[in-house]
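**Q** One line per chain: the protein sequences are A and B, in this order. The opening position of the first sequence corresponds to residue 697 in the working numbering, with each subsequent residue numbered one higher. The opening position of the second sequence corresponds to residue 697 in the working numbering, with each subsequent residue numbered one higher. The structure's right below; bear with me while I get my questions together.
There are 2 protein chains.
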Amino acid sequence: MQLTPMLESFIMHFGEMGSRWGFNRTVGQIVALLVISEEPITANDIADALRISRGNVSMGLKELQAWRLVQLQHKPGERKEYFQACGSIWEMANRVFEERRKREMDPTLTLLRDILLDKPANGAEQHAQVKLQEIHDLLEGISKWSTELQRLGPDKLSTLMKLGSGVGKVLDLKDKLLAKPSNS
Amino acid sequence: MQLTPMLESFIMHFGEMGSRWGFNRTVGQIVALLVISEEPITANDIADALRISRGNVSMGLKELQAWRLVQLQHKPGERKEYFQACGSIWEMANRVFEERRKREMDPTLTLLRDILLDKPANGAEQHAQVKLQEIHDLLEGISKWSTELQRLGPDKLSTLMKLGSGVGKVLDLKDKLLAKPSNS
DNA sequence: TTAAACTTTCAGAAATTACTGAAACTTCAG
DNA sequence: CTGAAGTTTCAGTAATTTCTGAAAGTTTAA
């Protein structure tokens, strides 16, 4: 497993970005390597290509499996475990969004809901609760919406994205057509 | 500046989440404190309320100003600097999205564009470039689309979000109405 | 100009996070 | 059962990030 400079630069970049995307350097490198490799590869190949310890690769693959970005494969007649990126780029991106939503929004939503059940004890708490309610509603809105969007599936989403700023016009259109119900 | 347990739990939670949202613990706590405080407060108040060093507060506020989440204020006749969260929750969320797009997507887009200009040197690179192109297109799509969405402004975006899964129907509607142009 | 009241900076300490590699574990063939 | 070929775990170490606090900087009043 020899990497050309082009591929190496891509992998190293993904490593650097990894931490910004919610996983660590080596995990980023591993997933990059798996995405660009045509064939499934073994953990040893990975350790070798990235010059990192075998143990580290094992931990990284474990995490990537938790993210459902990598899957295990067995070749017939071999005992070795082979790994490959699972699904298309599109599906992988979806998984990353979903996982990040779980990590970045859900815990906060839970906490906010709990806090908002309590009666404010004084003026400061009362003012704070108004703000917390706003944060809660915004987060909940984003969270629900992103779930809906994922349900649309690639084709429709792609249409929606290509629509770009045209979205505004379509919304106007919808308002005019459905001018019967009194929706604010 | 005495914090009630309710407010403290919120602030501490934001501290923990901070690192997942792209800044560190104290920066998260500071922004939480500013959001829930009715009046602008001084850096000393912050250090005091959060039991962290004055220097740390200074660095945190500097970073928050870079994110444009916090603004400086002067009270007439006083020399002290007061700070407050700038804008509504909505605006702050917008800033966070924007900043994160810059940090998490733009560098990768730049790198991918560069790599894709090079001719693949062998089969492996050729296969890899196909994948990289897919990643590039997806990132670019998301990036452009999120820019468009921000341009829509809060009111329209809110409509769009409330539409939820109804988006699919509106898209169908649009397709039927504009059935003249041959858009795939 | 001096000093008081305030702010920022940054070297080093503390805390956190990531990585290594040896030992332990698993699975299978003979 | 034994050992070979593979995998995982985890204690300790290395690297990175964050935080402190003292020193240096700034601004204003007198």
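Cβ coordinates follow ideal geometry from the N, Cα and C atoms, glycine included. Since this is a predicted model, take the numbers as computed values, not measurements.
Between the segment 803-823 of chain B and the segment 751-760 of chain B, are three or more C-beta pairs nearer than 8 Å?
**A** no
**Q** Taking the runs of the beta strand (DSSP E) that are 3 residues or longer, which of them lie wholly in the segment 743-801 of chain A?
**A** Runs of the beta strand (DSSP E) inside the segment 743-801 of chain A: 766-770 and 777-781.
**Q** Give, in chain order, every residue of the segment 703-725 of chain A whose Cβ lies closer than 9 Å to some Cβ of chain B.
**A** Look at the segment 703-725 of chain A: the residues with a C-beta under 9 Å from a C-beta of chain B are Leu-703, Ser-705, Phe-706, His-709, Phe-710, Glu-712, Met-713, Arg-716, Trp-717 and Gly-718.
**Q** May I have a chain-ordered list of the alpha helix (DSSP H) segments no shorter than 4 residues that lie completely inside the segment 799-839 of chain A?
**A** 802-813
**Q** Thinking C-alpha only, which one of A:Asp-810, A:Lys-827, A:Phe-779 and A:Phe-719 is nearest Ile-785 of chain B?
**A** Position 89 of the second sequence, counted from the first residue, corresponds to residue 785 of chain B. The shortest Cα separation from Ile-785 of chain B among A:Asp-810, A:Lys-827, A:Phe-779 and A:Phe-719 belongs to A:Lys-827.
**Q** Tell me the rounded alpha-carbon separation between Ser-705 of chain A and Asn-818 of chain B.
**A** For this step, residue 705 of chain A is matched to residue 9 along the first sequence. For this step, residue 818 of chain B is matched to residue 122 along the second sequence. Spanning the two alpha carbons is a distance of roughly 16 Å.
**Q** Give the DSSP-derived three-state secondary structure of Asp-868 of chain B in the structure shown.
**A** On the second sequence, residue 868 of chain B is found 172 positions in, with the first residue counted as 1. If DSSP states are grouped into helix, strand and coil, Asp-868 of chain B belongs with the helices.
**Q** When you compare the CB positions of Gly-718 of chain A and Arg-775 of chain A, do they come within less than 8 Å of one another, or not?
**A** The residue given as residue 718 of chain A occupies position 22 in the first sequence. The residue given as residue 775 of chain A occupies position 79 in the first sequence. Not in contact: Gly-718 of chain A and Arg-775 of chain A (Cβ atoms no closer than 8 Å).
**Q** At a cut of 8 Å, does the segment 791-798 of chain A reach the segment 835-846 of chain A through at least three beta carbon pairs?
**A** yes
**Q** Is it the case that the CB of Ile-811 of chain B approaches a heavy atom of the ligand NAD more closely than 7 Å?
**A** As for the ligand NAD, it is missing from this structure, which has no ligand bound.
**Q** Using a Cβ-Cβ distance cut-off of 8 Å, determine whether Trp-841 of chain A contacts chain B.
**A** If you number the first sequence from 1, residue 841 of chain A lands on position 145. By this cut-off, Trp-841 of chain A is an interface position.
**Q** Pro-701 of chain B to Ala-824 of chain A, Cα distance in whole Å?
**A** Start at 1 with the first residue of the second sequence, and residue 701 of chain B comes out as number 5. Start at 1 with the first residue of the first sequence, and residue 824 of chain A comes out as number 128. C-alpha separation (whole angstroms): 13 Å.
**Q** Is there a Cβ from chain B that is less than 8 Å from the Cβ of Glu-734 of chain A?
**A** Residue numbering aside, residue 734 of chain A sits at position 38 when the first sequence is read from its first letter. Yes, its Cβ sits closer than 8 Å to a Cβ of chain B.
**Q** Listing by chain order, which chain A residues have their CB less than 9 Å from the CB of Ala-745 of chain B?
**A** Position 49 of the second sequence, counting from 1, holds the residue named residue 745 of chain B. Going along chain A, no residue has its Cβ under 9 Å from Ala-745 of chain B, so there is no contact; the nearest lies around 12 Å.
**Q** Between the segment 768-784 of chain B and chain A, which residues of the former have CB atoms less than 7 Å from a CB of the latter, in chain order?
**A** The segment 768-784 of chain B vs chain A, Cβ under 7 Å: nothing.
**Q** Alpha helix (DSSP H) containing Thr-855 of chain A: first to last residue?
**A** As a working mapping, residue 855 of chain A is identified with position 159 in the first sequence. Here the alpha helix (DSSP H) through Thr-855 of chain A covers 850-859.
**Q** Should Lys-798 of chain A be flagged as near chain B, meaning a C-beta pair shorter than 8 Å?
**A** Residue 798 of chain A sits at position 102 when you count from the first residue of the first sequence. For Lys-798 of chain A, the answer is no, since every Cβ of chain B falls outside 8 Å of its Cβ.
**Q** Report all residues from its chain with a CB closer than 7 Å to the CB of Ser-749 of chain B; omit the five preceding and five following residues, and keep chain order.
**A** As a working mapping, residue 749 of chain B is identified with position 53 in the second sequence. For Ser-749 of chain B, where only same-chain residues beyond five positions count, the Cβ hits under 7 Å are Ala-743.
**Q** The alpha helix (DSSP H) with Phe-710 of chain B in it runs from where to where?
**A** Residue numbering aside, residue 710 of chain B sits at position 14 when the second sequence is read from its first letter. Here the alpha helix (DSSP H) through Phe-710 of chain B covers 701-714.
**Q** Buried or exposed: which applies to Lys-733 of chain B, given that a residue is buried once 16 or more other Cβ atoms fall within 10 Å of its Cβ?
**A** Position 37 of the second sequence, counted from the start, is the residue given in the question as residue 733 of chain B. Going by the sequence as given, residue 733 of chain B is Ser instead of Lys. The residue is buried, with at least 16 neighbouring Cβ atoms inside 10 Å.
**Q** Are the Cβ atoms of Ala-789 of chain B and Leu-812 of chain A separated by less than 8 Å?
**A** Working through the second sequence from its first residue, we reach residue 789 of chain B at position 93. Working through the first sequence from its first residue, we reach residue 812 of chain A at position 116. Not closer than 8 Å, so no.
**Q** What residues match up with Thr-738 of chain B in a beta bridge as DSSP calls it?
**A** By 1-based counting over the second sequence, the position of residue 738 of chain B is 42. Thr-738 of chain B is bridged to B:Tyr-778.
**Q** Can you tell which of B:Gly-711, B:Thr-722 and B:Leu-869 has the C-alpha that lies nearest to the C-alpha of Ser-754 of chain B?
**A** As a working note, residue 754 of chain B is residue 58 in the second sequence. Selection B:Gly-711, B:Thr-722 and B:Leu-869 evaluated against Ser-754 of chain B yields B:Thr-722 as nearest (Cα-Cα).
**Q** My guess is that Glu-830 of chain B and Leu-703 of chain A are in contact by the Cβ rule of under 8 Å, so how many angstroms apart are they, rounded?
**A** In the second sequence, counting from the first residue as 1, residue 830 of chain B sits at position 134. In the first sequence, counting from the first residue as 1, residue 703 of chain A sits at position 7. Going by Cβ atoms, the distance from Glu-830 of chain B to Leu-703 of chain A rounds to 15 Å, so no, they are not a contact pair.
**Q** Please confirm whether Val-727 of chain A has its beta-carbon closer than 8 Å to some beta-carbon of chain B.
**A** Residue numbering aside, residue 727 of chain A sits at position 31 when the first sequence is read from its first letter. No, Val-727 of chain A does not count as interfacial toward chain B.
**Q** Note down, in chain order, every chain A residue with its Cβ under 7 Å from the Cβ of Ala-824 of chain B.
**A** Residue 824 of chain B sits at position 128 when you count from the first residue of the second sequence. Result: Leu-703 and Ile-732.
**Q** Please tell me whether Val-863 of chain B has its Cβ less than 8 Å away from any Cβ of chain A.
**A** Within the second sequence, residue 863 of chain B is the residue found at index 167, counting from 1. Using beta-carbon distances, Val-863 of chain B counts as an interface residue toward chain A, with a partner under 8 Å.
**Q** With DSSP as the reference, label Gly-862 of chain A as helix, strand or coil.
**A** Here residue 862 of chain A corresponds to residue number 166 of the first sequence, with the count starting at 1. Note: Gly-862 of chain A maps to helix in three-state DSSP.
**Q** Compare the C-beta of Pro-877 of chain B against all C-beta atoms of chain A and say whether one is closer than 8 Å.
**A** Locating residue 877 of chain B in the second sequence gives position 181, where the first residue counts as 1. Note that Pro-877 of chain B scores 48 on pLDDT, short of 50, meaning its location in the model is unreliable; the coordinates nonetheless yield the value given after this. Chain A contact via Cβ: absent.
**Q** To the nearest angstrom, how far is the alpha carbon of Pro-772 of chain B from that of Ile-707 of chain A?
**A** Counting from one through the second sequence, the residue named residue 772 of chain B turns up at place 76. Counting from one through the first sequence, the residue named residue 707 of chain A turns up at place 11. Near 54 Å, if we compare the C-alpha coordinates of Ile-707 of chain A and Pro-772 of chain B.
**Q** Which residues in chain B sit within 8 Å of Lys-827 of chain A, going by Cβ to Cβ distance?
**A** Position 131 of the first sequence, counted from the first residue, corresponds to residue 827 of chain A. Identification of chain B residues near Lys-827 of chain A by a Cβ-Cβ cut-off of 8 Å yields Val-731, Ile-732 and Ile-785, ordered along the chain.
**Q** So, is Gly-862 of chain B buried or exposed, given that buried needs 16 or more other C-beta atoms within 10 angstroms?
**A** Along the second sequence, read from residue 1 onward, the residue named residue 862 of chain B stands at position 166. The residue is exposed, with fewer than 16 neighbouring Cβ atoms inside 10 Å.
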